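J.: In the numbering used here, the protein residues as written are 3 to 397.
Backbone N, C-alpha and C fix where the C-beta goes; we use that ideal spot for every residue, glycine too.
The structure presented is a predicted model; accordingly, all values stated were derived computationally and were not measured.
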Amino acid sequence: MSLPPKVVHIIYALGTGGLENGLVNIINRSPPDRYRHVIICLTDATDFANRITVPDIEVIQLHKKPGQDWGLYGRLLKILLSLRPDIVHTRNLASLEMQGLTLLLPGVKCVHGEHGRDIHDLDGTNKKYNFLRKILRPFIHRYIAVSKDLEGWLRDTVNVPEPKLRQIYNGVDSKKFHPYPIKETIPSIQKQLVPEGFLPNNPVVVGTVGRIAEVKNQKLLIAGIKCLLNSRPDLKDRLRVVLVGDGPLYNMLQAYVAELGLSDLIWMTGDREDIPELMQLMDIFVLPSLAEGISNTVLEAMATGLPVIATNVGGNPELISEGENGRLITVGDEQMLATVMGDLIDNPEARKLMGQNGLSKVKATFSWQKTVGEYLSVYDELLGNSQVPYKANSN
3 MSLPPKVVHI
13 IYALGTGGLE
23 NGLVNIINRS
33 PPDRYRHVII
43 CLTDATDFAN
53 RITVPDIEVI
63 QLHKKPGQDW
73 GLYGRLLKIL
83 LSLRPDIVHT
93 RNLASLEMQG
103 LTLLLPGVKC
113 VHGEHGRDIH
123 DLDGTNKKYN
133 FLRKILRPFI
143 HRYIAVSKDL
153 EGWLRDTVNV
163 PEPKLRQIYN
173 GVDSKKFHPY
183 PIKETIPSIQ
193 KQLVPEGFLP
203 NNPVVVGTVG
213 RIAEVKNQKL
223 LIAGIKCLLN
233 SRPDLKDRLR
243 VVLVGDGPLY
253 NMLQAYVAEL
263 GLSDLIWMTG
273 DREDIPELMQ
283 LMDIFVLPSL
293 AEGISNTVLE
303 AMATGLPVIA
313 TNVGGNPELI
323 SEGENGRLIT
333 VGDEQMLATV
343 MGDLIDNPEA
353 RKLMGQNGLS
363 KVKATFSWQK
373 TVGEYLSVYD
383 ELLGNSQVPY
393 KANSN
């Protein structure tokens, strides 16, 4: 009996993030008799790799040196020749150039995914980056964009031919992320999760989840909170902020919170494993990013039944319908953010309705079963496999 085809996924690093979360979910939920998977990290893998629940998934770390590591190409080529993949799937700019090595692997099919932009190329117009993208474009058989915004950019700016393009949304795990079933018991649960004395009676909790990095722009949320309290000092007794995540700007952001005198009102949790439970404690979710593909955390907030305030960038408008399941704000506009937060704090019925609408939208459109099935269909199409109905893995 022949072995299933092998997909080698090349990523920059396997750590906390939306791209990595998507990859792990696709592997965990794919039937093992359809495809074998190997992950190659150009740098390193963190404990996030432990979230892979499928046995015998190889995670290879190349420990790329800072800057230009010329030896990386030889190390990677040697591994690829040994693995003999059927498909090489890269994601984002950081691993795109490795598709050049597939020219030395006859018969291998090439897939590249675009999951969002970084701080150095927020609008996707960097000439150097786009030159690389266009040089490699003829050798890539399929492009996968996680949002319609990125799909349009690949078509119109990178000039990817329409037949090579596929747009596939991320999914959300509705078994993990869902509204808390018995609202009356939340106060006792809150006491177990948050620092003692952090929450007042009858609090309104604004929250965000994400890696603390420049592109995620959590500083805007903190500035917006300060702006809101300047105009509404009465909210100081009720308003609390839960900021979940870690990253390179954690200490700087913590110092900014202290500088504004908000340390008693803002809890910076660091990395957490209990994100679904923390989201259930929130009343409003805020995503202040400078750029986004399709935000996993917004999908998770919607699945939790939360109204979402998000910057009007990238794929956010594809998730948030203005006034229906949340609000869209201008990037960098702390006054607008403060006003919108104040409006929702004052209107619990609007919060509830937006949360219900978001939950309905997630259930209708953003399931992992649908997402994984579409990824497998891309692989099937490239290898000429007959379309086998996708059945979700129980993991």
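Would you check if the distance between the CB atom of P87 and the CB atom of K8 is smaller than 8 Å?
T.: Numbered from 1 along the sequence shown, position 85 holds the residue referred to as residue 87. Numbered from 1 along the sequence shown, position 6 holds the residue referred to as residue 8. Yes. Within cutoff.
J.: How about R242 and L201: do their beta carbons lie closer than 8 Å?
T.: For the purposes of this step, residue 242 is identified with residue 240 of the sequence shown, where counting begins at 1. For the purposes of this step, residue 201 is identified with residue 199 of the sequence shown, where counting begins at 1. With a cutoff of 8 Å on beta-carbon distance, R242 and L201 are scored as near each other.
J.: What's the call for W72, buried or exposed, on a 16-neighbour Cβ count within 10 Å?
T.: The sequence position of residue 72 within the sequence shown is 70, counting from 1. The residue in question, W72, is exposed, as its Cβ has fewer than 16 Cβ neighbours within 10 Å.
J.: Here's the rule: buried if 16 or more other CB atoms are within 10 angstroms of the residue's CB, otherwise exposed. What is M270?
T.: Here residue 270 is taken as the residue at index 268 of the sequence shown, counted from 1. Flag for M270 reads buried.
J.: Measuring alpha carbon to alpha carbon, tell me which of G272, R36, P33, L361 ends up nearest P197.
T.: Indexing the sequence shown from 1 puts residue 197 at position 195. That would be G272, whose Cα lies nearest to the Cα of P197.
J.: Tell whether a beta-carbon distance below 8 Å holds between K111 and I146.
T.: For this step, residue 111 is matched to residue 109 along the sequence shown. For this step, residue 146 is matched to residue 144 along the sequence shown. In this structure, I146 does not lie closer than 8 Å to K111 by Cβ.
J.: Mind checking L5: buried by the 16 CB within 10 Å criterion, or exposed?
T.: Along the sequence shown, one-based indexing puts residue 5 at 3. So L5 ends up on the exposed side.
J.: Taking the straight line between their C-alpha atoms, what separation do you get for N161 and V380?
T.: The residue labelled residue 161 in the question sits at position 159 within the sequence shown. The residue labelled residue 380 in the question sits at position 378 within the sequence shown. Cα to Cα, the separation comes out at about 20 Å.
J.: Go ahead and pull the three-state DSSP assignment for L135.
T.: Translated into the one-based positions of the sequence shown, residue 135 becomes position 133. Inspection of the sequence shows that residue 135 is occupied by Arg rather than by Leu. DSSP places R135 in helix when its eight states are reduced to three.
J.: Just reading off the alpha helix (DSSP H) that G328 is part of, what are its end residues?
T.: Taking the sequence shown and counting its residues from 1, the one referred to as residue 328 is at position 326. Per DSSP, G328 belongs to no alpha helix (DSSP H); it is in the beta strand (DSSP E), 328–331.
J.: So the beta strand (DSSP E) M270 belongs to, where does it begin and stop?
T.: Against the sequence shown, residue 270 aligns to sequence position 268. Start and end: 268–272.
J.: Determine, using beta carbons only, whether L74 and L44 come nearer to each other than 8 Å.
T.: Numbered from its first residue, the sequence shown carries residue 74 at position 72. Numbered from its first residue, the sequence shown carries residue 44 at position 42. Yes. Within cutoff.
J.: Going by Cα to Cα distance, which pick from V374, R240, L292 is closest to N23?
T.: Within the sequence shown, numbered from 1, the residue matching residue 23 stands at position 21. When each option's Cα is compared against that of N23, the closest is V374.
J.: Does the Cβ-Cβ distance between L64 and R53 come in under 8 Å?
T.: In the sequence shown, counting from the first residue as 1, residue 64 sits at position 62. In the sequence shown, counting from the first residue as 1, residue 53 sits at position 51. No, the pair does not count as a contact, with Cβ atoms beyond the cut-off.
J.: Using 10 angstroms around the beta-carbon of H122, count the other beta-carbons present and answer buried if the total reaches 16, otherwise exposed.
T.: As a first step, residue 122 must be located in the sequence shown, where it is residue number 120. It counts as exposed.
J.: Taking the alpha carbon of R422 as the point to measure from, which residue in V10, P108, G109, K129 has its own alpha carbon closest?
T.: Nothing can be reported for residue 422: it is not among the residues displayed for the chain, which extend from 3 to 397.
J.: Where do the N-terminal and C-terminal ends of the alpha helix (DSSP H) with K166 fall, by residue?
T.: The residue given as residue 166 occupies position 164 in the sequence shown. Careful: K166 lies outside any alpha helix (DSSP H) and carries neither H nor E.
J.: Relative to the C-alpha of G173, which candidate in K136, N298, I286, N232 has its C-alpha closest?
T.: Stepping through the sequence shown from its first residue, residue 173 is reached at position 171. Of K136, N298, I286, N232, the residue nearest in Cα terms is N298.
J.: May I have the straight-line CA-CA distance separating E302 from S265, to the nearest angstrom?
T.: Walking along the sequence shown from the start, residue 302 turns up at place 300. Walking along the sequence shown from the start, residue 265 turns up at place 263. Cα to Cα, the separation comes out at about 26 Å.
J.: Among K130, N359, I277, N204, which residue has its Cα nearest to the Cα of I347?
T.: Here residue 347 is taken as the residue at index 345 of the sequence shown, counted from 1. I347 has its Cα closest to that of N204, out of K130, N359, I277, N204.
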